[in-house]
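J.: One structure follows; several queries about it will come next.
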Amino acid sequence: MLVTSKEANKLLQQFEQEHRALITKEHEIKSFLAAVGEDVESCRPEYDYEAVQKELSRLEETIINLKHQINKFNTETIVDGFDKTIDEMLVYIPMLTRRKEKLNGMKNAMAKTRESVNMRSTIIDYRYANYDLKKAADDYDSVTEELSKAQIALDTVNVTKKFEVEL
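Quick look at the structure:
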């Protein structure tokens, strides 16, 4: 089956949801209560232990296989304009996000701020920025632009490039 990464991940979510649903159902019917004197067989829910275990195993193998195929695609597919694989982009984008957050604080800092006053001292302390505020603002803009380009490039790959998966 030929799919995009987005489609493969949706399939993966479906299999994982089906697996969780079967586990939940099994939990509810693997044992049951019957009152003393009640006909136990009339209370017994329908449950085929072997069939459920077989289906859980099948779903688990499908999930493992599909995740492997997605991971393989992610490690082999280069994202245009970045000379990085999808796998590398999935590390790079959070790094850019953290850098952007740090630079946001730095660009909004004041060059000189008064520190809290110690009541026992007559000396006033000031905290000085030890960097160029304009450079931090410029770097913030640059990182924001790079992050946006990276996210768009990754999204484009995820919805356009197809690969073969075997289920």
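Under our numbering, think of the first position of the sequence shown as 10, with each following residue one higher.
From the three backbone atoms N, C-alpha and C, an ideal C-beta is built for every residue, glycine too.
Verify whether the separation of the beta carbon atoms of leucine 105 and aspartate 148 is less than 7 Å.
T.: Taking 7 Å as the Cβ cut-off, leucine 105 and aspartate 148 do not qualify as a contacting pair.
J.: Considering just the uninterrupted stretch of the beta strand (DSSP E) at arginine 67, what are its terminal residues?
T.: Careful: arginine 67 lies outside any beta strand (DSSP E), inside the alpha helix (DSSP H) at 58–85.
J.: According to DSSP, what are the bridge partners of phenylalanine 91?
T.: In DSSP, phenylalanine 91 forms no bridge with anything.
J.: Is the Cβ-Cβ distance between leucine 42 and methionine 98 less than 7 Å?
T.: No, the pair does not count as a contact, with Cβ atoms beyond the cut-off.
J.: Using the Cα positions of lysine 76 and lysine 158, report the straight-line distance between them to the nearest angstrom.
T.: If I take the Cα positions, the gap works out to 26 Å.
J.: Is asparagine 167 buried or exposed, if buried means 16 or more other CB atoms sit within 10 Å of its CB?
T.: Looking at its Cβ environment, which holds 16 or more other Cβ atoms inside 10 Å, asparagine 167 is buried.
J.: Exposed or buried, isoleucine 133, counting other C-beta atoms within 10 Å across all chains shown (16 or more means buried)?
T.: By the neighbour-count rule (16 or more Cβ atoms within 10 Å), isoleucine 133 is not buried but exposed.
J.: Contact between the stretch 25–44 and the stretch 61–76: three or more CB pairs below 8 Å?
T.: Yes: at least three Cβ pairs fall under 8 Å.
J.: As a quick exercise: from Ser51, Tyr58, Gln23, pick the residue whose alpha carbon is nearest that of lysine 39.
T.: Minimum Cα distance to lysine 39 is reached at Tyr58.
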